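Below is one structure, written out as structure tokens; the observations come after it.
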Amino acid sequence: MVHRSLWLQTLYTLLLTRVCIVASWEVPVSHRDSDRLVCSGMWGGRNDYIEVSFDLGVSRGQIAMVIYESRDDPYLGKTSGPPGLEPKTYICNSLAIRDGLCEKSQYGRFVLDLPHGKAIENTSFWSAGIRFREVAHSRTHGLAKQPPEDFGARSEPQSALLIGDLPPSQRQANSTVTTWQEFRPSPADIVWYDGPIHYAVRELRYYCVAIVPVIAWVPEDTSADGIPESTRYMGTILFHNSFSGKLPAKEHPKLYFYFALFCCYLAFAVPWSWVCWQNAEILLTVQYYLSGLLGIRLLDIFANWFYYYCRDTYGDVGTSAALHLIVVILDSTSDAFALFVLLVLSLGSDILINPLGRITNIKATLLAFAQGAFGVLYATVGAVEPTPHDPDYLFILPRDMYLAILLAVITFAFFIWVAHALTGERAHRNKEIALSFLVATITQLSERRQSYKLSLYLWLRRILLLAVVLTTLISGVIYSMVPRRAAADHDAKVWRFQWLLDAWPALLRFAVFVGVAWVWRPTRINLRLAMFEEIPDNDRLEWRASEGSTSIQEDTLACTPQTADEDADGADRR
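Taking the numbering used here, I'd label the letters of the sequence shown as residues 226 to 799.
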């Protein structure tokens, strides 16, 4: 029994260690990377840390590494001339020593330009020159050779590479260690890599890790070899936050956002399904469309949440790419179908015209299809994020801009096409039914003095105008930030609310959908929406006064529904 309890305790410890180590955002790094700087926001906490580890079977030579908080970025690197006129020198090499930018003892490390009287201990910097032992035909630590002493580096214990407190996975394994400094200063000499490098994070800040390979020469006697040592490395930077997930800190809030949004859609779907079931026999075509749109939105938001859940649990694996494609297709389909429903509503389908006509329906369907197809293409290409090395970094990728313009032009062209076709087809038959935009529908209802239908369209116009105003304002704020993307502190300022900049369209779509669906919800009174030749309100009051009708049922007798054939026959007779 004791052995079983000990075995279970050991298994629990191993699982806990596995979770603490794996459930973090991992960024692979190597000497082939064009960008040597990796940054991420950290929410800060007792157990948060940054871990840098290297593969000893591949890594050799020497690297310069620094870990710091973005507020100290101005102190990184030094220029020999006036600031801003000459590029900074970041690595202490022979040229930097010759120009007096660093000391010979700092060779192979990052150059720090601290103000007078400010010590490195008063900053967030941890800087070191790290050398890898040569490993003979193995990737294990056990075959590591002892480095020669004439390289000017001394072998330091692994604790010298631990900055701050130990991570939870290491505390039990190193139970003999009782006290650790909150900040372990940078080593004075070159250190030999023996294990993962830990950097404790206690504050909500934006942290960066820079790794640069250096050509390692023998410091004391450069004539011993006369040939620079080849430097290669391959490793992983692990950002461990308190939420213990594999999503970056700036994207982790999306996991909760989409779950909450899915619950909101689900909460709205319950009463909507109930009123549709109660009025199933009198549902209009538009209300069927709204029900279908609600189903697509539910599936879309759930797919978004599941996509971030899989990334947070398993990381960016092959399944994540497939899920991302599914999410893109569902997003575009949802937007295209929503546009189709709004177009049908604006044209007065089931209210003033029944049906819209075969050709008009085909053109409206083509509009939705074009919107969805180019939306998928735009979202797929837009998934490639620009880097500061791209020539069009400040203005977004050209292919994204071209697709956005093409999408806008095609959408606008199809909308005008549908509107023009509707006006052209019906104007010669009945000028009163010539509809082109929502404003025309409202005008016609106002002329007919049909106040109930008019109130619905007035609410629809208010909702759409409010959505357009909010979209314009928010888009203006976002695009005003584009020129600042090249600023060194841009990402450090926006990473905490980056998720909101990406998620606000989903919030706006939810608000617009709920508003429109609530206005056009199925009710018994909505039976009057199908009465195309409803008697105007003033005439109905006079008729009710003369006939003595007292109920809505009697009132609806004054309305004569017409089919499309009767409408066409009437138009021909006129």
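Every residue, glycine too, gets a C-beta built ideally from N, C-alpha and C.
None of these values were measured; they are calculated from a predicted model.
Determine the direct distance from the alpha carbon of residue j to that of residue i, and round the result to whole angstroms.
i: I667; j: G600; result: 31 Å
i: I587; j: G520; result: 23 Å
i: G517; j: L689; result: 20 Å
i: D537; j: H341; result: 44 Å
i: I355; j: Y458; result: 11 Å
i: Q503; j: R734; result: 26 Å
i: Q669; j: L472; result: 53 Å
i: E428; j: M267; result: 8 Å
i: D280; j: V252; result: 14 Å
i: I345; j: G269; result: 21 Å
i: Y432; j: R296; result: 9 Å
i: R261; j: D727; result: 27 Å
i: L509; j: L491; result: 22 Å
i: V426; j: A589; result: 55 Å
i: Y481; j: D324; result: 53 Å
i: C317; j: D338; result: 12 Å
i: R673; j: V511; result: 22 Å
i: Q675; j: F722; result: 47 Å
i: V719; j: A593; result: 34 Å
i: G286; j: W729; result: 48 Å
i: V693; j: L572; result: 19 Å
i: R687; j: S265; result: 42 Å
Sort out for me which residues DSSP pairs residue i with in a bridge.
i: I436; result: M290
i: E276; result: H423 and L463
i: E251; result: L463
i: Y431; result: G266
i: I316; result: F335
i: K303; result: T314
i: R721; result: Paired residues: none, contrary to the question.
i: R285; result: R457
On a Cα-Cα basis, can you pick out the residue from the options that is closest to residue i?
i: N529; options: V437, Y483, G540 and L472; result: Y483
i: L523; options: L670, Q675 and L555; result: L555
i: I422; options: P412, L429, A563 and R430; result: P412
i: V416; options: Y603, G333, L591 and K678; result: G333
i: V744; options: C264, L301, E672 and S680; result: S680
i: S557; options: A598, R673 and Y539; result: A598
i: F487; options: D419, R749, A742 and A731; result: A731
i: Q331; options: S352, K343 and K313; result: S352
i: A595; options: V569, I584, A561 and L548; result: A561
i: L695; options: W684, S278, S705 and V737; result: V737
i: D714; options: R430, S545 and A425; result: R430
i: L568; options: F335, T348 and Y682; result: Y682
i: W684; options: F527, L725 and V739; result: V739
i: A321; options: S469, K303 and S545; result: K303
i: D525; options: D716, V553 and S249; result: V553
i: V283; options: E506, H256 and C264; result: H256
i: R749; options: E506, R687 and Y514; result: E506
i: G470; options: D541, S349 and R358; result: D541
i: L602; options: A563, R583, S574 and I551; result: I551
If you reduce the DSSP assignment to three classes, tell me which class residue i lands in.
i: G420; result: coil
i: S349; result: coil
i: S574; result: strand
i: I415; result: coil
i: G354; result: strand
i: P747; result: coil
i: C327; result: coil
i: R261; result: coil
i: D714; result: coil
i: K479; result: helix
i: I496; result: According to the sequence as given, residue 496 is Pro; it is not Ile. Three-state result, P496: helix.
Determine, using beta carbons only, whether residue i comes closer than 9 Å to chain D.
i: Y332; result: The structure shown contains no chain D, having only a single protein chain.
Closer than 8 Å is the cut-off here; do at least three beta carbon pairs connect the segment 533 to 540 with the segment 471 to 483? In this structure the segment 533 to 540 touches the segment 471 to 483; the number of beta carbon pairs closer than 8 Å is three or more.
Cβ contact (3+ pairs, closer than 8 Å) linking the segment 478 to 495 and the segment 687 to 703: no
Counting Cβ pairs, one atom from each stretch, are 3 or more of them under 8 Å apart for the segment 278 to 293 and the segment 424 to 441? Cβ pair count under 8 Å is three or more, so yes.
Can you find at least 3 beta carbon pairs, one from the segment 257 to 276 and one from the segment 456 to 472, that sit closer than 8 Å? yes
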